[in-house]
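Quick note: to get this note's numbering, add 29 to the position in the sequence shown (first position is 1).
Some notes on the structure that comes next.
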Amino acid sequence: MSNENQPIALPANVPVCPVRGSVIYPTMVQHIDASRAISIRAIEAALQGDKVILIVSQRDKDVDDPQGSDLYDVGTACNVLRVRKNPDGTVQMLVAAVARARVLHYSRADYLRAEIEVLPTETGDPVELQALTRELREKFEAVAQGGKVSAESIQAIQSKDDPGEMADHIAFNLDFKLEDKQAVLEASRLTDRIRRVLTLLDTEQEVQAVQARIRAQVKEEIDKNQREYYLREQMKVIQKELQGGEGDEDGDEAEAFRTKIDALGLSPEVKKEVDREVNRLARMHPDAAEASVIRTYLTWITELPWSIRSDDRLDVAEAAKILDEDHYGLEKVKDRVLEFLAVRRLRKERAERGEIDASEVNKGPILVFTGPPGVGKTSIAQSIAKALGRKYVRIALGGARDESDIRGHRRTYIGAMPGRIIQGIRTAGTKNPVILLDEVDKLGSSYQGDPSAALLEVLDPAQNQHFTDHYLGVPFDLSEVMFIATANYPEQIPAALMDRMEVIDFSSYIEQEKLEIAKRYLLPRQITANGLKPNQISFTDAALERLISHYTREAGVRNLEREIGTVARKVARRIATGEVKRVKVTDKELDRYLGQHRYLPETEGQEDKVGVSTGMFYTPVGGDILFVETSVMPGKGLVLTGQLGDVMKESARAALTYAKSNAERFHLDRDRIDNSEIHIHVPAGAIPKEGPSAGGAMVTSLISALSGIPVRHDVAMTGEMTLTGRYLPIGGLKEKVLGARRAGIKHIIMPKANEGDLRDIPLHLRASMRFHPCETVDQVLDVALVGGLKALETPRDGTAVTTPLPPKRKTTRRNAGASA
Numbered sequence: 030m031s032n033e034n035q036p037i038a039l040p041a042n043v044p045v046c047p048v049r050g051s052v053i054y055p056t057m058v059q060h061i062d063a064s065r066a067i068s069i070r071a072i073e074a075a076l077q078g079d080k081v082i083l084i085v086s087q088r089d090k091d092v093d094d095p096q097g098s099d100l101y102d103v104g105t106a107c108n109v110l111r112v113r114k115n116p117d118g119t120v121q122m123l124v125a126a127v128a129r130a131r132v133l134h135y136s137r138a139d140y141l142r143a144e145i146e147v148l149p150t151e152t153g154d155p156v157e158l159q160a161l162t163r164e165l166r167e168k169f170e171a172v173a174q175g176g177k178v179s180a181e182s183i184q185a186i187q188s189k190d191d192p193g194e195m196a197d198h199i200a201f202n203l204d205f206k207l208e209d210k211q212a213v214l215e216a217s218r219l220t221d222r223i224r225r226v227l228t229l230l231d232t233e234q235e236v237q238a239v240q241a242r243i244r245a246q247v248k249e250e251i252d253k254n255q256r257e258y259y260l261r262e263q264m265k266v267i268q269k270e271l272q273g274g275e276g277d278e279d280g281d282e283a284e285a286f287r288t289k290i291d292a293l294g295l296s297p298e299v300k301k302e303v304d305r306e307v308n309r310l311a312r313m314h315p316d317a318a319e320a321s322v323i324r325t326y327l328t329w330i331t332e333l334p335w336s337i338r339s340d341d342r343l344d345v346a347e348a349a350k351i352l353d354e355d356h357y358g359l360e361k362v363k364d365r366v367l368e369f370l371a372v373r374r375l376r377k378e379r380a381e382r383g384e385i386d387a388s389e390v391n392k393g394p395i396l397v398f399t400g401p402p403g404v405g406k407t408s409i410a411q412s413i414a415k416a417l418g419r420k421y422v423r424i425a426l427g428g429a430r431d432e433s434d435i436r437g438h439r440r441t442y443i444g445a446m447p448g449r450i451i452q453g454i455r456t457a458g459t460k461n462p463v464i465l466l467d468e469v470d471k472l473g474s475s476y477q478g479d480p481s482a483a484l485l486e487v488l489d490p491a492q493n494q495h496f497t498d499h500y501l502g503v504p505f506d507l508s509e510v511m512f513i514a515t516a517n518y519p520e521q522i523p524a525a526l527m528d529r530m531e532v533i534d535f536s537s538y539i540e541q542e543k544l545e546i547a548k549r550y551l552l553p554r555q556i557t558a559n560g561l562k563p564n565q566i567s568f569t570d571a572a573l574e575r576l577i578s579h580y581t582r583e584a585g586v587r588n589l590e591r592e593i594g595t596v597a598r599k600v601a602r603r604i605a606t607g608e609v610k611r612v613k614v615t616d617k618e619l620d621r622y623l624g625q626h627r628y629l630p631e632t633e634g635q636e637d638k639v640g641v642s643t644g645m646f647y648t649p650v651g652g653d654i655l656f657v658e659t660s661v662m663p664g665k666g667l668v669l670t671g672q673l674g675d676v677m678k679e680s681a682r683a684a685l686t687y688a689k690s691n692a693e694r695f696h697l698d699r700d701r702i703d704n705s706e707i708h709i710h711v712p713a714g715a716i717p718k719e720g721p722s723a724g725g726a727m728v729t730s731l732i733s734a735l736s737g738i739p740v741r742h743d744v745a746m747t748g749e750m751t752l753t754g755r756y757l758p759i760g761g762l763k764e765k766v767l768g769a770r771r772a773g774i775k776h777i778i779m780p781k782a783n784e785g786d787l788r789d790i791p792l793h794l795r796a797s798m799r800f801h802p803c804e805t806v807d808q809v810l811d812v813a814l815v816g817g818l819k820a821l822e823t824p825r826d827g828t829a830v831t832t833p834l835p836p837k838r839k840t841t842r843r844n845a846g847a848s849a
């Protein structure tokens, strides 16, 4: 039986020595090292008294000066056998633990004292105790095999006959938590104490089993790596022998890839995937088909600029200088580009001061340059890259119909390769180039996917930090790339893609701008390209102007440069054959080099005519005028010819309805209108015509034909009408006015709502023309018809009005006063 069953005489009030992180049990003899003043004074008090001291564990071992509340309520009463003071002031005490004791009350002076009572031990059912003791012994022997207990301790525990002592010594020698050891100390019933120790042994046995399994797995992995290393070394030797002792010129291919990959600065998730492919390559035969696929993949990985970037040069003044050197005109576009660069510079300065995160510097709208072909959209993107000091990459998206063009092919396909974005990054050699997505409005879609949908992730700043190309299979950061898109027709760009971009519109060049561009850029470039010297060929301004108006019809200058190149080549031939030494090309000599002119610009009418009005139109290659002719003859119905589109046909019907509804006011014969075939024709019938801006010209032509009043030949008009006579705004006013100016028109009728668009027209052109902003069809007729609205509202005898327009009319002055 346990010695704890014997009554033990102990003082009722004893000094307390708090200990940290350990529990001692009755029947044990242990050394206690004391360094705290509160413990040393308690030991001294015990020596001066009955040499009995209470050893109690602290709940929190980090407390240096514990109070009673910091200690457990059950401790171990011990006899002090020996005390030794060390030179450093600490005390070493040898104690013999005699009994479990419960603390009834703590008191504190210079040290802790406690009123205690001894806890008696209840043995419980003898049969149950015997069974528990046997189980305890077997479990301990199983756990002891794990090597956690010293051989001396195992022998001492196995020699115990008393089950209580055995349980206490097991709890003391195994690495259990303090709370579990304290629970064993506090268990007064012997069977409960053994059960607690058995539970701890079960847990320890499970932990040892898991440790053994982990140890086996680690050993297996180490053995596998060692075996692979050994086999790789063998393979090197074998390959060296097969190659006649010369070895591989490049050394171990896999090791070469590993060296390159370590220098890339990859993120852990990317490096893990890439290392897996390197290990696969190392285990494969060099001639295996899969080895070639992996080798190509690793080549792509190592050639991408994962951490290489160019330093931005955010000098706005320098950028403005570069843009002016490279491009003439395009002032609005240049201003927006410089604003873009200025914002990025300020963000960078704030990031350097720590006011914003560095990732915010590159955030901003994706610019999309829209406009007709040849106006400089692509070249200005090159200038932006030049101004920033970044690499420039152009990706042509016209006709792309496969999602893999953007995201790449999966490596399961033969001939798989990354998408155009990753290819462009590799070409640039930096992770922050300027990438031009050219002709983004020409993207198509097919059963192979929609590339415009794949571009959504590329262009979204919230997503492109982790862009994953199907071929690479790992994320690549595109957030530092500056994307610029170009398009001819922005309405053809999908709405979701357009929402991520800011539109910058490029309008057509006027003839004066084309002339300056030709003299500054095109002519010097073509002289050099065709082997000439600047003093061997020259163009007069008149020659260039005729070249622009009679040999090209475009919004940009591409065809103009081709025609200049054609002239330069013919001159080069004459100089090379010795026919001439230098040539001055005049407007009269253009026919000699280029043949008969290809385009004859429309010119204003020579005289005022009944039923013939002058309209204006706009196409992507610029503006021009057109004539609307109306003829009234016996018959019925409205005939429309000239390849008119649905909108223009509706404008003609609206004009006829307006004429009928105002027949009485305009003194028109309603019976004649109802019993006549009204034929409206727009010449150049082989060319389709469409648009919502011909209503004014049609109603003027129709009412002139019905009233017999001529239309002024020096007036051109643009604008749409309603059945109630309102004159509505239109688009493309600048291009239309430039076309009218080229045709010799001096007066322009336009919707009043478009007055703000006049600011886009050069001042010298505005000064040479008169603009008549109109809000109603009556105002249009007052300017366009000879005699104005007064002549129309005056009863007529059926003869045509031939009175010439007075030089100054009150009505005209009123309208002209509102013109620009």
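Glycine included, each C-beta is placed from N, C-alpha and C at the ideal position.
> Is Leu629 helix, strand or coil by DSSP?
Replying inline: coil
>> Beta-carbon within less than 7 Å of Asp434's beta-carbon, same chain only, minus the 5 sequence neighbours each way: which residues are those?
In response: Gly448, Arg449, Pro480
>> Taking 8 Å as the cut-off, does the segment 360-372 touch the segment 337-350 (at least 3 CB pairs, one atom from each stretch)?
In response: yes
> DSSP three-state call for Ala41: helix, strand or coil?
Replying inline: coil
> By Cβ distance, which residues of its chain are closer than 7 Å to Ala171, with the 5 residues on each side in sequence left out?
Replying inline: Gln234
>> Contact between the segment 599-618 and the segment 560-575 is defined here as three or more beta-carbon pairs at a separation below 8 Å; is this criterion met?
In response: yes
>> Looking only at its chain, what residues have a beta carbon closer than 8 Å to the beta carbon of Ala216, apart from the 5 residues adjacent to it on each side?
In response: Arg222, Arg225
> CB-CB under 8 Å to Ser109, same chain, minus the five flanking residues each way: which ones, in chain order?
Replying inline: Here residue 109 is Val; the residue named in the question, Ser, does not match the sequence. Excluding positions up to five away in sequence, the list reads Ile72, Ala75, Leu76, Lys80, Val81, Ile82, Met122, Leu123, Val124.
> Per DSSP, what kind of secondary structure is Ile69 in: helix, strand or coil?
Replying inline: helix
> Given Arg682, which residues of its chain have a CB within under 8 Å of its CB, disregarding the five upstream and five downstream residues?
Replying inline: Leu667
> Applying the criterion that 16 or more other CB atoms from any shown protein chain within 10 Å of the CB defines a buried residue, is Gly664 buried or exposed?
Replying inline: exposed
> What's the gap between the Cα of Asp698 and the Cα of Ala692?
Replying inline: 7 Å
> Residues in its own chain within less than 6 Å of Leu230 by CB, not counting five upstream and five downstream?
Replying inline: Lys168, Val172
>> Looking at Arg70: is its Cβ nearer than 8 Å to the Cβ of Asp139?
In response: yes
>> Below 8 Å, how does it come out for the segment 798-810 and the segment 723-734: are there three or more Cβ pairs, yes or no?
In response: yes
>> Give me, in chain order, the residues of the same chain whose beta-carbon lies closer than 7 Å to that of Glu636; leave out the 5 immediate sequence neighbours on both sides.
In response: His742
> Is the segment 85-97 in contact with the segment 157-168, if contact means three or more CB pairs nearer than 8 Å?
Replying inline: no
> Alpha carbon to alpha carbon, what distance is there between Ile330 and Asp281?
Replying inline: 18 Å
> According to the Cβ coordinates, are Pro739 and Gly585 closer than 8 Å?
Replying inline: no
> Between the segment 184-200 and the segment 231-250, do at least 3 Cβ pairs fall closer than 8 Å?
Replying inline: no
> Candidates Glu509, Met511, Ile533: which alpha carbon is nearest Pro519's?
Replying inline: Ile533
> Within the 8 Å Cβ cut-off, does Glu157 reach chain C?
Replying inline: The structure shown contains no chain C; it is built from a single protein chain.
>> Quick check on Ala584: does DSSP put it in helix, strand or coil?
In response: coil
>> Give me the residue from Asp102, Gly400, Asp506 with the minimum Cα distance to Glu764.
In response: Gly400
> I think Val127 touches Pro55, with their Cβ atoms under 8 Å apart; what is that distance to the nearest whole Å?
Replying inline: 6 Å
> So, Glu157 versus Thr220, is the Cβ gap smaller than 8 Å?
Replying inline: yes
>> Measuring CB atoms only, is the segment 447-467 touching the segment 373-381, in the sense that at least three cross pairs come out at less than 8 Å?
In response: no
> Should Pro44 be labelled buried (16 or more other beta-carbon atoms within 10 Å of its own) or exposed?
Replying inline: buried
> Which class does Gln237 belong to by DSSP, given the choice of helix, strand or coil?
Replying inline: helix
>> Quick check on DSSP: helix, strand or coil for His579?
In response: helix
>> Distance check for Ile709 and Leu814, CA to CA, integer angstroms please.
In response: 18 Å
> For the candidate residues Leu396, Ser536, Leu619, Pro462, whose alpha-carbon lies nearest to that of Arg529?
Replying inline: Leu396
>> Please state the DSSP three-state secondary structure of Tyr326.
In response: helix
> Do Glu146 and Arg129 come within 8 Å of each other at the CB atom, strictly closer than that value?
Replying inline: no
> How should Glu583 be labelled, buried or exposed, when 16 other C-beta atoms within 10 angstroms of its C-beta is the threshold for buried?
Replying inline: buried
> Smallest Cα separation from Leu417: which of Arg701, Thr497, Glu509?
Replying inline: Glu509
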